[in-house]
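Engineer: For the protein sequence lines, the chains are A and B, in the order given. Just so we're aligned: 211 in our numbering is position 124 of the first sequence, and the numbers increase by one with no gaps anywhere. Just so we're aligned: 77 in our numbering is position 72 of the second sequence, and the numbers increase by one with no gaps anywhere. Positions of the beta carbon are idealized from the N, C-alpha and C atoms, including for glycine. Please read all numbers here as calculations on a predicted model, not as lab measurements. Please see the structure below; I have some questions.
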Amino acid sequence: MDRFALVAFWRSLTRHRLYAALNIGGLALGIAVFLVLGLYVRFETSYEKWLPGWQDLYLVGGAGTGAPEDAAHTQNSPVAAFTAIRADLPGTIGTRVESRDIAVVQNGVGVRERLASVDPDVFAVFRLSPVAGALPRSFRDPSQVVITARTAAKYFGSPAAALGGTLPVTSRGQQTNYRVVAVVPDLPDASELRFDLIAPMTYSESPADPAYKSNHQWNYNSVETFVRLPGQAAADRFAAALPALAARHVTNETPEVPDYRFAFNVRPIASRHFEAPGSRLMVATLGIIGFLTLLVAVVNYVNLATARAGLRAREVGMRKVLGADRATLMRHYLGEAVVTALVAAALGLALAELGVPLINASTGLTLSIRYVGADGVLLPLLLLALLVGLTAGLYPAIVLARVPAAAVLASARGPGGGRAGARVREGLVVFQFAVTIALIVGTAVLVAQTHHVRSADVGYDRQQLLLVRSYASASLDEAQRTDLLRRFAALPGARSAAAGTSVPGIGNYVSANTYEVPGVPGYGPSIEFYSVSQGYFETLRARLLAGRLLDPARPADRDPDLAQDGSNTNAPANVVINRAAARALHFASPAAAIGRTVGPAEGPRTIVGVIENMRVDSARRPVSPTLYLLSARTVKNGIAVIRFNGDPRAFLERAQAEWRSTVPRLPFDGYTAVQALDRLGKSDQQMANLFAIGSILAVGIGCVGLWGLASFTTARRTREIGVRKTLGATSNDVAKLLVGQFLRPVLLANVLAWPLAWLGMRTWLAGFDDRIALSPLFFVGAGALTLVIAIATVMSQSIRASRATPAWALRHE
Amino acid sequence: MIELRAIQRRYTSDEVETTALADINFSVSAGEFVAIMGPSGCGKSTLLNMLGTVDRPSAGQYLFEGRDLAREDETALAQFRARTLGFVFQSFNLIDELTIAENIELGLAYRRDGRGNRRQRVEAAMDRVGISHRARHYPHQLSGGQQQRAAIARAIVGDPKLILADEPTGNLDTENGAQVMGILDSLNRAGATIVMVTHSPAHADLVGRRIDMLDGRVVASVARQI
Numbered sequence: 088m089d090r091f092a093l094v095a096f097w098r099s100l101t102r103h104r105l106y107a108a109l110n111i112g113g114l115a116l117g118i119a120v121f122l123v124l125g126l127y128v129r130f131e132t133s134y135e136k137w138l139p140g141w142q143d144l145y146l147v148g149g150a151g152t153g154a155p156e157d158a159a160h161t162q163n164s165p166v167a168a169f170t171a172i173r174a175d176l177p178g179t180i181g182t183r184v185e186s187r188d189i190a191v192v193q194n195g196v197g198v199r200e201r202l203a204s205v206d207p208d209v210f211a212v213f214r215l216s217p218v219a220g221a222l223p224r225s226f227r228d229p230s231q232v233v234i235t236a237r238t239a240a241k242y243f244g245s246p247a248a249a250l251g252g253t254l255p256v257t258s259r260g261q262q263t264n265y266r267v268v269a270v271v272p273d274l275p276d277a278s279e280l281r282f283d284l285i286a287p288m289t290y291s292e293s294p295a296d297p298a299y300k301s302n303h304q305w306n307y308n309s310v311e312t313f314v315r316l317p318g319q320a321a322a323d324r325f326a327a328a329l330p331a332l333a334a335r336h337v338t339n340e341t342p343e344v345p346d347y348r349f350a351f352n353v354r355p356i357a358s359r360h361f362e363a364p365g366s367r368l369m370v371a372t373l374g375i376i377g378f379l380t381l382l383v384a385v386v387n388y389v390n391l392a393t394a395r396a397g398l399r400a401r402e403v404g405m406r407k408v409l410g411a412d413r414a415t416l417m418r419h420y421l422g423e424a425v426v427t428a429l430v431a432a433a434l435g436l437a438l439a440e441l442g443v444p445l446i447n448a449s450t451g452l453t454l455s456i457r458y459v460g461a462d463g464v465l466l467p468l469l470l471l472a473l474l475v476g477l478t479a480g481l482y483p484a485i486v487l488a489r490v491p492a493a494a495v496l497a498s499a500r501g502p503g504g505g506r507a508g509a510r511v512r513e514g515l516v517v518f519q520f521a522v523t524i525a526l527i528v529g530t531a532v533l534v535a536q537t538h539h540v541r542s543a544d545v546g547y548d549r550q551q552l553l554l555v556r557s558y559a560s561a562s563l564d565e566a567q568r569t570d571l572l573r574r575f576a577a578l579p580g581a582r583s584a585a586a587g588t589s590v591p592g593i594g595n596y597v598s599a600n601t602y603e604v605p606g607v608p609g610y611g612p613s614i615e616f617y618s619v620s621q622g623y624f625e626t627l628r629a630r631l632l633a634g635r636l637l638d639p640a641r642p643a644d645r646d647p648d649l650a651q652d653g654s655n656t657n658a659p660a661n662v663v664i665n666r667a668a669a670r671a672l673h674f675a676s677p678a679a680a681i682g683r684t685v686g687p688a689e690g691p692r693t694i695v696g697v698i699e700n701m702r703v704d705s706a707r708r709p710v711s712p713t714l715y716l717l718s719a720r721t722v723k724n725g726i727a728v729i730r731f732n733g734d735p736r737a738f739l740e741r742a743q744a745e746w747r748s749t750v751p752r753l754p755f756d757g758y759t760a761v762q763a764l765d766r767l768g769k770s771d772q773q774m775a776n777l778f779a780i781g782s783i784l785a786v787g788i789g790c791v792g793l794w795g796l797a798s799f800t801t802a803r804r805t806r807e808i809g810v811r812k813t814l815g816a817t818s819n820d821v822a823k824l825l826v827g828q829f830l831r832p833v834l835l836a837n838v839l840a841w842p843l844a845w846l847g848m849r850t851w852l853a854g855f856d857d858r859i860a861l862s863p864l865f866f867v868g869a870g871a872l873t874l875v876i877a878i879a880t881v882m883s884q885s886i887r888a889s890r891a892t893p894a895w896a897l898r899h900e
Numbered sequence: 006m007i008e009l010r011a012i013q014r015r016y017t018s019d020e021v022e023t024t025a026l027a028d029i030n031f032s033v034s035a036g037e038f039v040a041i042m043g044p045s046g047c048g049k050s051t052l053l054n055m056l057g058t059v060d061r062p063s064a065g066q067y068l069f070e071g072r073d074l075a076r077e078d079e080t081a082l083a084q085f086r087a088r089t090l091g092f093v094f095q096s097f098n099l100i101d102e103l104t105i106a107e108n109i110e111l112g113l114a115y116r117r118d119g120r121g122n123r124r125q126r127v128e129a130a131m132d133r134v135g136i137s138h139r140a141r142h143y144p145h146q147l148s149g150g151q152q153q154r155a156a157i158a159r160a161i162v163g164d165p166k167l168i169l170a171d172e173p174t175g176n177l178d179t180e181n182g183a184q185v186m187g188i189l190d191s192l193n194r195a196g197a198t199i200v201m202v203t204h205s206p207a208h209a210d211l212v213g214r215r216i217d218m219l220d221g222r223v224v225a226s227v228a229r230q231i
């Protein structure tokens, strides 16, 4: 680009402000969306990559095939797994991590923090760099603790002040006074690791230890096992050694399942974040939307630039006559596009800066833009602007450089790339609308599905239901649990209180057994079982389908063993099951299950009631077949549920105050059922929000582009309109003609977009157990909406052009 | 300077072939002022475009100082135009976004030589056509006559060997037309070779030689007796 080219370009931008605004604004918006969604994709794919040497870190999961989880997807492992690994594969660097909530006691009040109990090699696995103190090479001293900078600031003021300080911690009813030996940086958001304190594990390998038995059980997954395996070959060797290791160490602890087999899985730590079904697809989809939005903006530029090429033909012709060759002109117009893209990129960055806080607020993400450094956006943005400029400028540059000088200068008739050029433009408009329609369908389906998840019948009443998770604390005794439930029920606004191990949003304490059905050979289906207190069904407002609920007044309804230690029981008991269990047990109807006895001879269960499925877990997962046992006393490990009236926030505060005055040393952890369920759908909600934001902007950019295109095309056809009107066409005829020219691409776009959108959304919905139907209305509606948008944008232009007097139009050149 | 030998130009569109130029032979010597006349559609402008190398002959030879331009590639021709030719159009073809001075400087922009004394050359060119006082104005702020004088300044700023003018007075009133013809005449007297297409017999009679065309052929070539 020479000086004149720049000057002429700048002045043409300032003279044709609307054109400049459409062009640069559209491109800037496209770049902003691409940037923000790019940040999101980078954030999601950066999980655990902050750890030095993350490439060599692996998570070892394992489960028996008799267990409910599929062994391949289990991320947790039994304590015994790493013991066996150390015995059979000496020299393996690894650590178990058992994370749990503990209470840091400050001024007599417990504050909830997350403690990771680890093996001595932990800092060889996670090579954290301390901000204060030094990390022990072998972390064994049970009185030592390493804390995060945030924890240090909270309890000591600063990392330096925390060194050597004492942190009193209550956990499982025991108090430990930890001494702080090092402070590590806070864990980044892009991490599945969550802890505030790290302390050595106190598991003993001595058979005399009371914990010895559970530490050597293979059917109880309570820890995560991490190993550092340098190089792919070492990882392959490690994975290959595991089946033999399992065969050597695992004994079948569930003799009723004779084909029991324990299987390990090894996954790279970075892939762990994408374990949830559909999560990888979700991130990829948002990346694609960012790219499509950018593409739509580029298409806009191409459309507007080629449409306007006619207006610039004279300039091009003149430049050719003055001796500019084709290569010079190509460089010139590519240069213009690159400059436009650079300006747009700067503007897009500003838009992204403005948009990121809004997006963070609406999605709960913590995205931020860094300019320089390894994750700086400046350099990539510059490259992107160059690429966008070159892509967007190429076709217009070719069209312009091809302008035949002689013809243009003589006649002032503009080229638009001829008939082929019109085809290309129409093709681009079709593409733009196809993307738009597909995005509208996607947004509509996403919004409808997330709304459905939040409002659908879950089998109980989710409104005005408070959950107190800290009630499950092992530090509470029987008397305290009884007292707390009584106090909760007596709170102003409370209607009833109960406890159970299965409550909305919490999938902890999953236990399952196989229940054989009389008269059916084999071991029967695997059914989860939970213990509940008196009033549990009434408090949740579970719906009874057949039979009756469990009644503490009837001795046969009370599970005698649960009264002792909350563990599994072998005594006969009456139970309530859900609809899914009735189906899994092959009963023809809920009513047919009543009075039937299932399960093994040493622990028969007689079904007295069937309730509707209660969806306590994510809408993505099917409701498990479930069996409920009434605990004769309070429920150990249970979570309190309270039904209340009035404002949730006020009631939550009352419950918290009551808790604090009853058990001050234990931190309170409570939230409403609505909050708990929203948390389960959080990533889907995030995706829906991001998808909607991206789509709306892409649609907006597309409309702006169409509007610009319509205005230029209409301007170009002014003379034709004059001729038509001279020949007797009415304003109506002309408007119809102009609108009609844009209808064809929009209709064609529908044909292209519908199958793609259908396929995409069907795949996404398939990830949900509780899902809406993919109604044709979504497609027809999106098509109609784009049609209305197209007509509205083109109409305003057309009406003006069609109203012009023929004489003016004919003179117009 | 210029020799056209059996030049033909045919256009093919939608299976219909039209002949714009059929067997054109003539030559122009250095320092001549030639006017081409003829009715609309006779091929005048096509011939001028051919001379200006913005159009190529379908057959025949175009020799410029012995160089066969019909055989040269686009890039070479672009440089040829930049260094050797000056164009003047009926509709001026000034670039709207550039000032008059910038438009004139554009006449030097595509020459692959230094930037030295461009400013002086632009000022000299503006002086010669008498629009120095409009240097900072934009084309739309000028009258038609002033615009055409600016266009002439752009054509001559590079001291071209040949000036091609396509109906330079066609969009001007009589007085402005006479002024433009006066400028072209004085350029010719100063040594410039000029080929001009015109509809005006009065203007054609002012120049050294007149070529009449009809249906793509030269039908007469009349030198003015001085």
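Can you tell me whether Thr198 (chain B) is helix, strand or coil according to DSSP?
Structural biologist: strand
Engineer: Who are the near neighbours of Val425 (chain A) in its chain, counting only those whose CB is closer than 8 Å to its CB and skipping five residues on each side?
Structural biologist: Within the same chain, Val425 (chain A) has close Cβ partners Ala472, Leu473, Gly476, Leu477, Gly480.
Engineer: Note down, in chain order, each residue of its chain lying with its Cβ closer than 6 Å to the Cβ of Gln137 (chain B), except the 5 sequence neighbours on either side.
Structural biologist: It should be noted that the sequence gives Ser, not Gln, for residue 137 (chain B). Once the five neighbours on either side are set aside, the close Cβ partners of Ser137 (chain B) are Met131.
Engineer: Is Ile456 (chain A) helix, strand or coil by DSSP?
Structural biologist: coil
Engineer: For Lys723 (chain A), count the other beta carbons within 10 Å of its own beta carbon; 16 or more makes it buried, fewer makes it exposed. Which is it?
Structural biologist: Lys723 (chain A) should be labelled buried.
Engineer: Using CA coordinates, which residue listed in A:Leu834, A:Gly870, A:Thr257, A:Ala240 is at the minimum distance from Ala249 (chain A)?
Structural biologist: A:Ala240
Engineer: Can you tell me where the alpha helix (DSSP H) with Glu440 (chain A) in it begins and where it stops?
Structural biologist: Counting along the chain, the alpha helix (DSSP H) containing Glu440 (chain A) begins and ends at 413–450.
Engineer: Could you check what DSSP says for Pro255 (chain A) in three-state terms: helix, strand or coil?
Structural biologist: strand
Engineer: Run the CB neighbour count on Val224 (chain B), radius 10 Å, all protein chains shown included, and call it buried at 16 or more, exposed below.
Structural biologist: exposed
Engineer: Can you tell me where the alpha helix (DSSP H) with Ala209 (chain B) in it begins and where it stops?
Structural biologist: 206–209
Engineer: Going by beta-carbon coordinates alone, are Asp228 (chain A) and Met288 (chain A) separated by less than 9 Å?
Structural biologist: no
Engineer: Rounded to whole angstroms, what's the CA-CA distance from Phe69 (chain B) to Ile118 (chain A)? Just pull it up for me.
Structural biologist: 52 Å
Engineer: Using 9 Å as the limit for Cβ to Cβ distance, is Ala499 (chain A) near chain B?
Structural biologist: Confidence in Ala499 (chain A) is poor, its pLDDT being 43 and thus under 50, which makes the residue's placement unreliable; the coordinate value appears in the next sentence. For Ala499 (chain A), the answer is yes, since a Cβ of chain B falls inside 9 Å of its Cβ.
Engineer: What residue from B:Thr23, B:Ala35, B:Glu22, B:Tyr16 has the CA that sits closest to Ala195 (chain B)'s CA?
Structural biologist: B:Ala35
Engineer: Which residue spans inside the segment 71–133 of chain B form an unbroken alpha helix (DSSP H) run of at least 4?
Structural biologist: You should have 79–89, 105–114.
Engineer: For the pair the segment 861–871 of chain A and the segment 17–27 of chain B, tell me if three or more CB-CB distances fall below 8 Å.
Structural biologist: no
Engineer: What's the gap between the Cα of Gly501 (chain A) and the Cα of Val881 (chain A)?
Structural biologist: With a pLDDT of only 46 at Gly501 (chain A), under 50, the local geometry of the prediction cannot be trusted, and the value read off the model is given with reservation. Looking at the two C-alpha atoms, the distance is approximately 22 Å.
Engineer: Could you spell out the range, first to last residue, of the alpha helix (DSSP H) harbouring Arg568 (chain A)?
Structural biologist: 565–577
Engineer: If you measure from the beta carbon of Leu409 (chain A) to each beta carbon in chain B, is any gap under 9 Å?
Structural biologist: Answer yes: the Cβ-Cβ gap between Leu409 (chain A) and chain B drops below 9 Å somewhere.
Engineer: On the CB-based measure, 16 or more other CB atoms within 10 Å of its CB, does Ser618 (chain A) come out buried or exposed?
Structural biologist: buried
Engineer: Counting contacts by CB-CB distance shorter than 9 Å, is Gly503 (chain A) in contact with chain B?
Structural biologist: In this prediction, Gly503 (chain A) has a pLDDT of 47, which is less than 50 and means its spatial position is unreliable; what the coordinates show is noted afterwards. No - not a single Cβ of chain B is within 9 Å of the one on Gly503 (chain A).
Engineer: Can you name, in chain order, every residue of its own chain whose Cβ lies under 8 Å from the Cβ of Arg858 (chain A), other than the five neighbours on each side?
Structural biologist: Sequence-distant Cβ neighbours of Arg858 (chain A) in its own chain, meaning closer than 8 Å and more than five residues away, are Gln536, His539, Ala706, Leu852.
Engineer: Please classify His1 (chain B) as buried or exposed, where buried requires at least 16 other C-beta atoms within 10 Å of its C-beta.
Structural biologist: Chain B is shown from 6 up to 231; residue 1 (chain B) falls before or after that span and cannot be answered.
Engineer: Per DSSP, which one or two residues make a beta bridge with Met55 (chain B)?
Structural biologist: BP columns for Met55 (chain B) are empty, so no partner.
Engineer: Less than 9 Å between the C-beta atoms of Ile234 (chain A) and Asp283 (chain A), yes or no?
Structural biologist: In this structure, Ile234 (chain A) places its C-beta atom within 9 Å of the C-beta atom of Asp283 (chain A).
Engineer: With DSSP as the reference, label Ser618 (chain A) as helix, strand or coil.
Structural biologist: strand
Engineer: State the Cα-Cα distance for the pair Ala488 (chain A) and Arg413 (chain A), rounded to the nearest angstrom.
Structural biologist: Between the alpha carbons of Ala488 (chain A) and Arg413 (chain A) lies a distance of about 5 Å.
Engineer: Name the DSSP beta bridge partners of Ala170 (chain B), please?
Structural biologist: B:Val93, B:Met201
Engineer: Just the Cα atoms here: how many angstroms apart are Pro317 (chain A) and Gly125 (chain A)?
Structural biologist: 31 Å
Engineer: Over what stretch of residues does the beta strand (DSSP E) that includes Ile356 (chain A) continue unbroken?
Structural biologist: From DSSP, Ile356 (chain A) is part of no beta strand (DSSP E); its letter is neither H nor E.
Engineer: Cβ of Ala414 (chain A) less than 9 Å from any chain B Cβ?
Structural biologist: yes
Engineer: To the nearest angstrom, how far is the alpha carbon of Leu116 (chain A) from that of Leu784 (chain A)?
Structural biologist: 7 Å
Engineer: Is it the case that the Cβ atoms of Thr393 (chain A) and Val511 (chain A) are separated by a distance below 9 Å?
Structural biologist: Against a cut-off of 9 Å, the Cβ pair of Val511 (chain A) and Thr393 (chain A) comes out as a contact.
Engineer: Whole-angstrom Cβ separation of Val184 (chain A) and Asn302 (chain A), contact assumed at under 8 Å?
Structural biologist: At roughly 15 Å, the Cβ-Cβ gap does not stay under 8 Å, so Val184 (chain A) and Asn302 (chain A) are not in contact.
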